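Novice:
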Amino acid sequence: MSLSVSRLGKTFFAEVENVDIRQPLAPAAIDGINDALAEHAILLFRAPGLTDEEQMAFTEQFGPLEAIQLRVGRQRNTSNEFVADMSNVDPDGAILPADSEKLAFQKGNEFWHTDSSFKPVPSGPSFLSARVVPSDGGNTEFADLREAWDALPAERQEMIEGLVAEHSLEYSRARYGYKDFNTDEKQIFPPVYQAMVRTHAVTGRKNLYLGSHAGSIVGMSEAESQALLKELIDYATQPQFVYSHSWTVGDLVMWDNRCTLHRARPYPKQTEKRILRRTTVAGARPTVVNGVPIDEWKIEQAA
Ligand code: OGA
Ligand code: MN
27 MSLSVSRLGK TFFAEVENVD IRQPLAPAAI DGINDALAEH AILLFRAPGL TDEEQMAFTE
87 QFGPLEAIQL RVGRQRNTSN EFVADMSNVD PDGAILPADS EKLAFQKGNE FWHTDSSFKP
147 VPSGPSFLSA RVVPSDGGNT EFADLREAWD ALPAERQEMI EGLVAEHSLE YSRARYGYKD
207 FNTDEKQIFP PVYQAMVRTH AVTGRKNLYL GSHAGSIVGM SEAESQALLK ELIDYATQPQ
267 FVYSHSWTVG DLVMWDNRCT LHRARPYPKQ TEKRILRRTT VAGARPTVVN GVPIDEWKIE
327 QAA
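Have a look at this one:
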């Protein structure tokens, strides 16, 4: 049985069939999935009944798991530091009150972002599985940052290439007034530098790299930074670069955080449950060393 891959979006996002992701994968299947991810950036699998353990086992075949590092009650329902609980329920499965800490924190997912860009080494691929879905709303939207880069006018590309942005969790949460970080968290997550343009380690293709965690651009004033970041996020999330995924229970979506953005869409959080679980592969390296963006593709070629 060989993988079957069908593109669902215009430029990215494909469905992968003919593979049982609940079982250990043959090396050829892992290679096939890695190739499909390099080409399509986002992959949909159907895995009804997937458990946290199976999801972790599937994820780990693509690299070491990234730990969440956030305190219980934010994206965690359990002591498992590798499975993020993206849900509006408490550990007993009851819908959380509108003013709950967890809902306030997770509100941040509704802004265009790429996972863990607030960490010195940002995430590799993320894996999000749908356990319970609302009857209305709650899509996840994705944007193709490779296509957005290709479509930018050459003079804009020249101006942006080589720029470094400062990303922080505190910054992205402040966008909607969230301030409840404790001192420990401020120490764990100080602002970090990220390249604004990345060269994909597998394909060598360039893409924009930004999102809600990006707060400022090195060497630019606050006002200039804000204007450019907003311009580029608005540009990259135009309809021609976006795919909106409507969840069915059992879906598992794997996305490449290096070259895509995503955001959760609203749903009636006080009347409907939405339970998604996320696992993530740790990224390979920082995007900036000694203040300068690195060429991830060149480094990968030399390795
Ligand atoms: C995530 C995330 C979006 C969603 O899991 O990293 O941003 O739609 N989720 O829940
Ligand atoms: Mn996310």
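My numbering puts the sequence shown at residues 27 to 329. For glycine and all other residues, C-beta sits at the position ideal for the given N, C-alpha and C. What you are looking at is a predicted structure, and each value in this text was computed from that prediction instead of being measured.
#1: Decide if the segment 153-168 is in contact with the segment 258-270; the criterion is three or more beta carbon pairs, one per stretch, under 8 Å apart.
#2: Do you know whose CA, among N135, D116, V307, lies nearest V288's CA?
#3: Quick check: I68 and F39, are their CB atoms within less than 7 Å of each other?
#4: Rounded to whole angstroms, what's the CA-CA distance from V315 to E192? Just pull it up for me.
#5: DSSP has V223 in a bridge; who is on the other side?
#6: Can you tell me the Cα-Cα spacing of Q220 and H139, whole angstroms?
#7: Could you round the C-beta distance between P151 and W281 to whole angstroms and report it? I think they count as a contact, below 8 Å.
#8: Apply the 10 Å Cβ neighbour rule to A329 and answer buried if 16 or more other Cβ atoms are within range, or exposed otherwise.
#9: Run the CB neighbour count on V218, radius 10 Å, all protein chains shown included, and call it buried at 16 or more, exposed below.
#10: At which residue ranges does the segment 239-319 contain complete alpha helix (DSSP H) runs of 4 or more residues, listed in the order of the chain?
#11: Whose CA, out of V147, D46, G317, S149, lies closest to the CA of F84?
#12: Ligand 1: which residues have Cβ under 6 Å from any of its heavy atoms, chain order?
#13: Excluding the 5 residues preceding and the 5 following G230 in the sequence, name in chain order all residues of the same chain whose CB lies nearer than 7 Å to its CB.
#14: Based on the DSSP output, what are the partners of V42 in its beta bridges?
#15: Helix, strand or coil: how does DSSP classify T166 here?
#16: Tell me the rounded alpha-carbon separation between L129 and Q327.
#17: Under 8 Å: do the segment 109-118 and the segment 301-318 share three or more Cβ pairs, one atom per stretch?
#18: When DSSP labels each residue in this structure, what does E127 get in the three-state scheme?
#19: What are the boundary residues of the alpha helix (DSSP H) that includes P74?
#20: Using beta-carbon positions only, say whether S251 and F137 come within less than 7 Å of one another.
#21: Per the DSSP calculation, V115 is bridged to which residue(s)?
#22: G163 and Y197 - do their beta-carbons sit closer together than 7 Å?
#23: Since A139 sits in a beta bridge, which residues does DSSP pair it with?
#24: Please tell me whether I214 has its Cβ less than 7 Å away from any Cβ of chain B.
#25: Look at the Cβ atom of A262, then the Cβ atom of L122, and state whether they are nearer than 7 Å.
#26: Taking the continuous beta strand (DSSP E) assigned at E192, which residues delimit it?
#27: I need the boundaries of the alpha helix (DSSP H) containing R182, first residue and last residue.
#28: Do the CB positions of K232 and W175 come within less than 7 Å of each other?
Specialist: Looking at the coordinates:
#1: yes
#2: In the sequence under discussion, the amino acid at residue 288 is His, which differs from the Val named in the question. For H288, the nearest C-alpha among the options comes from N135.
#3: yes
#4: 13 Å
#5: L234
#6: 13 Å
#7: 6 Å
#8: exposed
#9: buried
#10: 248-262
#11: D46
#12: M112, N135, D141, S152, L154, T166, H288, A290, L302, R304
#13: W323
#14: V31
#15: strand
#16: 42 Å
#17: yes
#18: helix
#19: Where P74 is concerned, there is no enclosing alpha helix (DSSP H), given that its DSSP letter is neither H nor E.
#20: no
#21: I121
#22: no
#23: First, the amino acid is wrong: residue 139 is His here, not Ala. Paired residue(s): H288.
#24: Looking for chain B here will not work: only one protein chain is present.
#25: no
#26: 190-193
#27: 180-186
#28: yes
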